[in-house]
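Per full-length UniProt numbering, the sequence shown starts with residue 1, numbered consecutively.
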Amino acid sequence: MANTLENWLRAAPLPLPEARILLQHCTGLSRAQLLTRGRDALDGENEAALSALVQRRLAGEPMAYIVGVREFYGRTFIVNDAVLIPRPETEHLVEATLARLPPQGRLWDLGTGSGAVAVTVALERPDAHVRASDISADALAVAARNAASLGAKLEFAQGSWFAVDRPSETQVYDVVVSNPPYIEAGDVHLQQGDLRFEPQQALTDFSDGLSCLRALAEGAPHVLKAGGWLLLEHGYNQGEAARALLVQHDFVEVATLPDLAGLDRITLGRKPA
Numbered sequence: 001m002a003n004t005l006e007n008w009l010r011a012a013p014l015p016l017p018e019a020r021i022l023l024q025h026c027t028g029l030s031r032a033q034l035l036t037r038g039r040d041a042l043d044g045e046n047e048a049a050l051s052a053l054v055q056r057r058l059a060g061e062p063m064a065y066i067v068g069v070r071e072f073y074g075r076t077f078i079v080n081d082a083v084l085i086p087r088p089e090t091e092h093l094v095e096a097t098l099a100r101l102p103p104q105g106r107l108w109d110l111g112t113g114s115g116a117v118a119v120t121v122a123l124e125r126p127d128a129h130v131r132a133s134d135i136s137a138d139a140l141a142v143a144a145r146n147a148a149s150l151g152a153k154l155e156f157a158q159g160s161w162f163a164v165d166r167p168s169e170t171q172v173y174d175v176v177v178s179n180p181p182y183i184e185a186g187d188v189h190l191q192q193g194d195l196r197f198e199p200q201q202a203l204t205d206f207s208d209g210l211s212c213l214r215a216l217a218e219g220a221p222h223v224l225k226a227g228g229w230l231l232l233e234h235g236y237n238q239g240e241a242a243r244a245l246l247v248q249h250d251f252v253e254v255a256t257l258p259d260l261a262g263l264d265r266i267t268l269g270r271k272p273a
């Protein structure tokens, strides 16, 4: 006798919300449809597919990679194991960026990954010129897919920080923003939870956790306009170090913004006018 949708949900060895997401992913049904059609038969093909997905989740693989999407700033972004999974904390980076981007402003998002920041800013501010770059061609491909699926207009470039294949003129950007690799090499969190499955080169600088922040603080003044802003997301314990880096490179109005948990999350500074 064929299994039913509601019976599969009850028997799945996962928390109910996760089991429901996987069932919706495989069947294409909405949550409301799962409720009204719970006694429908689950066909063998979907049941086999669900079994494989459940095993991936039981092995610890993030739900975002299994279903291929993650919500960010109210929109659905495509993700895979070439990019970090967008996190709610990074929405603060978007908000801080939007608050400092002038009309018809120019923004460069370095290390864009899935494009979550750049695409969101481009959609929220269609008057702006937005550039997104990454060292990873695979990450840029994901960002380009997100831009296309969400209808955002962006310029893409590939390379390591400011050394990209489509060089910029100097002193043309109003805002430079980045959520770079900032986890210190050997940090135990790299071997825990979702981080085990995410691209290590996007998580850690394989050094003291500050080398990418140093490169960004050093390079940003060359591409920023006078009065332009640099905004950097970083670890909860790196606010003091990030502020010191910006001061060292002559930024003014340097400050650190907390996330919703009250932890240091974004450090910003302004190039002197």
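Where is the CB? At the ideal position from N, CA and C, for every residue including glycine.
Less than 9 Å between the C-beta atoms of residue i and residue j, yes or no?
{"i": "Leu34", "j": "Val67", "result": "no"}
{"i": "Val175", "j": "Leu245", "result": "no"}
{"i": "Tyr182", "j": "Leu210", "result": "yes"}
{"i": "Glu240", "j": "Asp205", "result": "no"}
{"i": "Leu268", "j": "Leu232", "result": "yes"}
{"i": "Ala202", "j": "Ala139", "result": "yes"}
{"i": "Arg75", "j": "Leu150", "result": "yes"}
Strictly by DSSP, which residues pair up with residue i?
{"i": "Phe77", "result": "Arg70"}
{"i": "Ala157", "result": "Ser133"}
{"i": "Ile183", "result": "Thr204"}
{"i": "Val164", "result": "Gly159"}
{"i": "Pro4", "result": "It is Thr, not Pro, that sits at residue 4 in the sequence shown. Paired residues: Ala41."}
{"i": "Val176", "result": "Trp108, Leu230"}
With DSSP run on the structure shown, which of helix, strand or coil describes residue i?
{"i": "Trp108", "result": "strand"}
{"i": "Tyr65", "result": "helix"}
{"i": "Arg39", "result": "coil"}
{"i": "Ala202", "result": "helix"}
{"i": "Ile266", "result": "strand"}
{"i": "Leu53", "result": "helix"}
{"i": "Leu84", "result": "coil"}
{"i": "Gly44", "result": "helix"}
{"i": "Leu123", "result": "helix"}
{"i": "Pro258", "result": "strand"}
{"i": "Glu89", "result": "coil"}
{"i": "Leu224", "result": "strand"}
{"i": "Pro13", "result": "coil"}
{"i": "Val247", "result": "helix"}
{"i": "Glu253", "result": "strand"}
{"i": "Ser149", "result": "helix"}
{"i": "Ser30", "result": "coil"}
{"i": "Leu101", "result": "coil"}
{"i": "Ala128", "result": "coil"}
{"i": "Ala59", "result": "coil"}
{"i": "Ala215", "result": "helix"}
{"i": "Leu210", "result": "coil"}
{"i": "Gln192", "result": "coil"}
Counting C-beta neighbours from all protein chains within 10 Å, is the total for residue i 16 or more, i.e. buried, or is it exposed?
{"i": "His234", "result": "buried"}
{"i": "Ala143", "result": "buried"}
{"i": "Met1", "result": "Confidence in Met1 is poor, its pLDDT being 46 and thus under 50, which makes the residue's placement too unreliable to answer from."}
{"i": "Pro167", "result": "exposed"}
{"i": "Ala11", "result": "exposed"}
{"i": "Arg131", "result": "buried"}
{"i": "Ala217", "result": "buried"}
{"i": "Asp208", "result": "exposed"}
{"i": "Ser160", "result": "exposed"}
{"i": "Gly105", "result": "buried"}
Please work out which residues of its chain come closer than 7 Å, Cβ to Cβ, to residue i, disregarding the five sequence neighbours upstream and downstream, and give them in chain order.
{"i": "Ala152", "result": "Val119, Ala122, Leu123"}
{"i": "Pro62", "result": "Ile85, Asp194, Phe197"}
{"i": "Pro103", "result": "Asp127"}
{"i": "Ala64", "result": "Arg70, Val79, Ile85"}
{"i": "Gly111", "result": "Asp134, Ser178, Asn179, Pro180"}
{"i": "residue 288", "result": "The question about residue 288 has no answer here: the residues shown for the chain are numbered 1 through 273."}
{"i": "Val164", "result": "Ser133, Ala157, Gln158"}
Please go through the same chain and pick out, in chain order, the residues whose beta-carbon is closer than 8 Å to the beta-carbon of residue i, but skip the five residues on each side of it.
{"i": "Leu58", "result": "Pro13, Leu14"}
{"i": "Asp16", "result": "The residue you asked about is not Asp; residue 16 is Leu in the sequence shown. Leu9."}
{"i": "His189", "result": "Ile183, Leu195"}
{"i": "Thr170", "result": "His222, Val223"}
{"i": "Cys26", "result": "Asn46, Ala49, Leu50, Leu53"}
{"i": "Glu187", "result": "A small correction: the amino acid at residue 187 is Asp; Glu does not occupy that position in the sequence shown. So the qualifying residues of the chain are Thr204, Gly209."}
{"i": "Ala226", "result": "Gln171, Lys271, Pro272, Ala273"}
Which same chain residues, not among the five before or five after residue i, have their C-beta less than 6 Å away from its C-beta?
{"i": "Leu9", "result": "Ala19"}
{"i": "Ala116", "result": "Phe72, Phe77, Pro86"}
{"i": "Gly38", "result": "Leu5, Glu6"}
{"i": "Asp259", "result": "Glu89, His92, Arg265"}
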